[in-house]
Amino acid sequence: PDGTVAASGGDDKLVKVWDVEAAKATATFFEHEKAVRGVCFSADGTCVVACGDDAAINVWDTRTKGLLQHYTAHTGPCTSVAVDPKQAGRYLASTGADGTVKLYDLRQGQLLYTLEGHAGGAAACAFSGMSTKGELLASGGADKTVMVWRSQLDGCGPAPAPKAPAKAPAPSRAPIAAAAPPKPPPAPPAKGVPEVVAKTLDHVVGQLDAITSTLGALEKRICANEGRVATILEKQ
């Protein structure tokens with residue numbers, strides 16, 4: 137990060153950290169089982185991250201030379217990694233030959249999201265250094281497309297679901313299937329529950345509300361169609 141060190145990885149399965157001025161390796165990591173395809177530093181240079189054809193992502197401490205975290209979220213080779221520059225290196229992104237872009241919380245040591253959009257393998261990713269809190273992420277793939285994602289890392293949760301429209305009055309005939317009752321407003325997260333979990337639950341509740349509204353609209357359409365069929369049969 138300060139120009140005095142560099143990192144490399146290659147077909148020899150090794151990840152090396154180099155002293156640029158002395159032109160020599162200061163650390164070598166052996167955890168990858170296949171060729172290494174991507175390497176990056178955290179914003180403060182205390183961690184180095186690498187990914188490879190073994191679908192693995194490894195995070196090492198450059199000071200202790202120890203392995204800190206290991207992920208195998210992709211179903212095929214992992215092609216690139218990037219650490220956000222705005223949140224003290226808390227968040228990590230990766231791309232894979234499976235066509236997905238994945239986001240991780242390094243502080244909690246867990247996968248947050250899987251982004252799908254590329255038609256083919258995803259080849260590279262990078263956080264925007266211009267966005268306020270590193271919430272913008274770009275990815276490129278074999279489909280010759282560059283996608284810009286709003287990662288929602290500033291809120292550490294998925295984008296809120298749009299509010300469902302008001303539910304139409306129930307038809308006079310008996311409904312085909314009882315619609316689920318409206319969900320109550322989400323309760324505030326219990327003490328000790330991680331914010332990302334609470335926001336994810338809010339997102340799920342919003343999606344259930346949208347599904348309930350869709351079922352109500354579908355039921356109304358079915359009633360209308362049955363009325364038209366009955367009118368046609370009466371005229372015959």
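Mind the numbering: the sequence shown is residues 137 to 372 in the working numbering, read in order.
For glycine and all other residues, C-beta sits at the position ideal for the given N, C-alpha and C.
Contact check, residue i vs residue j, beta carbons under 7 angstroms
i	j	result
Leu-242	Leu-228	yes
Asn-194	Glu-167	yes
Leu-251	Ser-264	no
His-210	Asp-234	yes
Arg-183	Ser-230	The sequence shown places Cys at residue 183, not Arg. No.
Gly-276	Ala-260	yes
Rounded separation between residue i and residue j - CA only
i	j	result
Val-172	Leu-150	7 angstroms
Trp-154	Ser-178	15 angstroms
Ala-143	Gly-225	17 angstroms
Val-237	Lys-152	25 angstroms
Gly-202	Ala-218	20 angstroms
Thr-208	Met-283	23 angstroms
Lys-160	Gly-145	15 angstroms
Gln-244	Gln-205	10 angstroms
Thr-164	Gly-257	29 angstroms
Trp-285	Ala-274	6 angstroms
Val-175	Thr-281	22 angstroms
Asp-220	Ala-278	23 angstroms
Gly-139	Val-156	8 angstroms
Ala-158	Gly-253	43 angstroms
Ala-262	Tyr-249	16 angstroms
Gly-181	Thr-200	13 angstroms
Short CB-CB distance (under 7 angstroms) between residue i and chain B
i	result
Cys-214	In summary, chain B is missing from the structure at hand, where a single protein chain is found.
Host beta strand (DSSP E) of residue i (start-end)
i	result
Phe-166	Element bounds for Phe-166: n/a, residue is neither H nor E.
Ser-275	272–277
Ser-216	214–219
Lys-201	No beta strand (DSSP E) contains Lys-201, which DSSP labels as neither H nor E.
Thr-236	236–241
Asp-155	151–155
Ala-258	258–263
Ser-230	227–232
Ala-142	141–145
Met-283	282–286
Thr-250	246–252
Ala-179	Counting along the chain, Ala-179 falls outside any beta strand (DSSP E), and DSSP gives it neither H nor E.
With 16 other Cβ atoms within 10 Å as the buried cut-off, status of residue i
i	result
Lys-327	Bear in mind that a pLDDT of 49 at Lys-327, under 50, signals an unreliable position, so the number given afterwards is only what the model happens to contain. Per the 10 Å Cβ criterion, exposed.
Gly-212	exposed
Val-185	buried
Thr-215	buried
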